[in-house]
Every structure is written in C-alpha cells, then in structure tokens.
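For what it's worth, the working numbering labels the leading residue of the sequence shown as 275, then goes sequentially. Beta carbons are placed, not taken as given, at the ideal position from N, Cα and C, and that holds for glycine.
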Amino acid sequence: MHPLSRYFNEPLADLGDVENEAFRGVLTPQSEIGQKREGVNAAFLEDAEEYYAKHQGFDYWKALFAGAFRRMGVKEAPLVVEYGCGFGNSTLPLIELLPDSEIIASDISPNLLAIAKRLVDARKASDKCLLAAMDAQKPYIQEGVADLVVGSAILHHLADPKYFVKAAMRVLKPKGCAIFFEPFELGNAIMRLLLLDIIDEAERREEISTTIEWFRNFAFALSVQIKRDQLPGWRDRDDKWVFPRSVLQEMADESGAELITYPLDGASGKFRSQITYSLSSYAGIDPNSLPAWAWKKIDRMDNDIFSPAAMNDIMAAGAVIFQKR
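Structure follows, in structure tokens:
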C-alpha cells in the first residue's frame, strides 16, 4: 500500500481492483466503494481526456501558487493535501515548487485522477504523491496532519462550500494555510452590468451577432452565480458561486480561521483583459469581431469610472487563504 495511506482513518482500496482497470493506481477509502459521485458531470468523467486536452494550465497555476507561497512565507510543507486536483493542473506545479513535500491529491472523478496518475508517474513522483478518489468533505484524512491545504478553483463549484472549508481546517495543523483561487462577486457583477449594456446597445443598433449572443449567455451564467437562490436548479450547475468577500469571512469565522484575500487581476485594463481572454479561450471567437463602440464602453469601465486604488478592490478573481488559528 502507498506510504501516505498512513494519514487516512480507514484502509484504502485500489480502484483498479474494485472498479475499473483503467483506474489502476488511484486509491479510494473503502467506505467510498460503490458510492454515487455527487456534483460531477460527464465533462469530468467519460469526457475527461477531452477536458484535459483543453484545460492544461500548469505554468499558470505554478505562478499563482508561487505568489501565494511568497505572501504567506511558505518555504516548506512536509504534508500537502490537495482537494479537487482533477488531472493534476496544480499537482504537478506543487511537486516542482515543494520538492521535499508529500502530497495527497484528491478528486471525486477517477477518470481525471487516472490522467493525473499518468502524469505523476512520468515524473517519477508516485512514491510521494498519493492520488485518492473521495468526497473531500468526509473525514477520511486524519485530523491535524496537514501543513498545507490547496485547491485551484474548487470552492465555487460546491453548493455549500462552508462545509468544505471546515473540512480543510480539520486536517490542518494550527497556523497552517488553506489556499484557494476563486471568482469574486463584485468584479463579475460589474462585468455582467457591462455585458448587459453592450447587449442593449447592440439591440438598439440592430447589430446582433454571434459575439453578442455569447455575451447574452455569459451574462446569464453570471446571474446564476450571483442570484443563486432566485433561480431553480442552480445546485446542478457546474459553476455555482462568485463570492462576496463577506460570505468568505463568514466561512472563516465559522471555521476558526483568519481570512486573507488579494486580487489575481491587475488594476489596469482588467475588463478588457477578461473579455479578450473569455472570447478567445472559452468561446473560440476572435475578440476583433467586437465592434469599436463596444470596446469603448469596456475601456471606459476600465479607465474612467473608478480610481486605480478602487480597481484593486474590484476583484473578478482572487486568492482566498484561510489560516487556521
């Protein structure tokens, strides 16, 4: 059995033995065998290889974690617990950034974990990285054993993230940190306002295009994340939250943690940058297809409405760090 199984409260089984040979080397707590996997859809299960091909961002996540480690003074962490590791987008950077650490990397999807196992094995790091298929909110890992907990963009996928934060605090040692990177409501609400303004102007000009229709869908998706309780079926959606800081503060207070946040987007040109990236990366649309009058509205929001100091406070994406008291 893997040496890191010593940190679990119950024996682990190999999914290659109990479920599918394709999952060989991915371990799971025995209580998880046969359990329904909640909150995960086809993109993360049978379509996992396609998801992996589209969403590799190892350098991006390495830069984010390196920055967070500098801010929090993390130079070493004997045991790291990663939740929502997926195919290893953050796991591989963690192996590079913390070469002396042992890592328990968990996810609900065995399909994604099988890809992560392949990548970890290729780097000859399997002895110090255990890949576990499990529900992260259940107490499978022993209390107070982790020096660091990490998760790259996981909290906003959860219907009740406060329970997840409590679970992270349970496995951490005192003064240990749980580091996440998440979307924030204020920046995304302003983005939604900007999108709706552009849509209204396009309708007035009778210039409805594929780009404008994508904006309409984007604005609706943000409305679900902002006004969850007003919309039926929100718990079944993949992206469930954009966080007000006050909600994160409540989670920290209930979990016995100090909350630290800081922006991942810069103070200058953040809305132009976000729209350009979203069109090209998510929609497959050339940003140049957006008319000049629309870019003028975007640039006005970036440059003329708020002071540079306030733009730092208007986060669309930010680091969310809970430090256990």
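Residue i versus residue j - alpha carbon distance
i           : j           : result
residue 411 : residue 299 : 22 Å
residue 421 : residue 371 : 15 Å
residue 336 : residue 367 : 5 Å
residue 597 : residue 531 : 5 Å
residue 535 : residue 346 : 11 Å
residue 267 : residue 286 : This structure does not reach residue 267, given that the chain is present from 275 up to 599, and the question cannot be answered.
residue 348 : residue 341 : 10 Å
residue 518 : residue 275 : 43 Å
residue 554 : residue 304 : 43 Å
residue 560 : residue 483 : 12 Å
residue 444 : residue 353 : 14 Å
residue 537 : residue 586 : 7 Å
residue 476 : residue 594 : 36 Å
residue 401 : residue 409 : 23 Å
residue 579 : residue 547 : 17 Å
residue 295 : residue 508 : 35 Å
residue 505 : residue 403 : 40 Å
residue 574 : residue 491 : 23 Å
residue 375 : residue 328 : 29 Å
residue 291 : residue 297 : 9 Å
residue 465 : residue 570 : 14 Å
residue 479 : residue 527 : 49 Å
CA nearest to the CA of residue i, picked from the options
i           : options            : result
residue 469 : 586, 524, 564      : 564
residue 450 : 280, 343, 323      : 343
residue 447 : 562, 524, 473, 351 : 351
residue 582 : 545, 548, 590, 541 : 541
residue 269 : 290, 373, 566, 545 : Shown here, the chain extends from 275 to 599; a query on residue 269 therefore has no answer.
residue 398 : 465, 568, 373, 483 : 373
residue 363 : 524, 471, 334, 382 : 334
residue 302 : 289, 474, 403, 296 : 289
residue 599 : 533, 552, 574      : 533
residue 331 : 320, 310, 365      : 365
residue 416 : 442, 453, 391, 403 : 442
residue 590 : 480, 552, 308, 558 : 552
residue 382 : 466, 312, 556, 465 : 312
residue 568 : 413, 396, 502, 481 : 481
residue 584 : 358, 558, 539, 566 : 539
residue 326 : 309, 310, 359      : 359
residue 461 : 375, 291, 527, 543 : 543
C-beta contact flag for residue i and residue j at 8 Å
i           : j           : result
residue 498 : residue 511 : yes
residue 220 : residue 407 : Since the first residue of the chain shown is 275 and the last is 599, residue 220 is not available in this structure.
residue 338 : residue 361 : no
residue 529 : residue 440 : yes
residue 323 : residue 424 : no
residue 516 : residue 431 : no
residue 473 : residue 452 : no
residue 566 : residue 488 : no
Integer Cβ distance of residue i from residue j, believed to fall under 8 Å
i           : j           : result
residue 369 : residue 377 : 7 Å
residue 438 : residue 592 : Not confirmed; about 17 Å, so no contact.
residue 455 : residue 427 : 6 Å
residue 463 : residue 500 : 6 Å
residue 572 : residue 549 : 6 Å
residue 281 : residue 419 : 5 Å
residue 293 : residue 384 : 7 Å
residue 436 : residue 525 : 5 Å
residue 513 : residue 495 : 7 Å
Runs of beta strand (DSSP E) lying entirely within the region 441-496, each at least 3 residues, in chain order
The beta strand (DSSP E) runs lying completely inside the region 441-496 and spanning 3 residues or more are 446-457, given in chain order.
If you scan the region 550-598 from start to end, which runs of the alpha helix (DSSP H) of 4 or more residues do you find wholly inside it?
As far as the region 550-598 is concerned, its whole alpha helix (DSSP H) runs of at least 4 residues are 566-577, 582-587.
I'd like the ranges of any beta strand (DSSP E) spanning at least 3 consecutive residues and lying wholly in the region 338-422.
Runs found: 353-357, 376-381, 403-407.
Write down every uninterrupted run of the beta strand (DSSP E) in the region 500-555 whose length is 3 residues or greater and which is fully enclosed by it, in chain order.
Along the length of the region 500-555, whole beta strand (DSSP E) runs at least 3 residues long occupy 531-537, reported in chain order.
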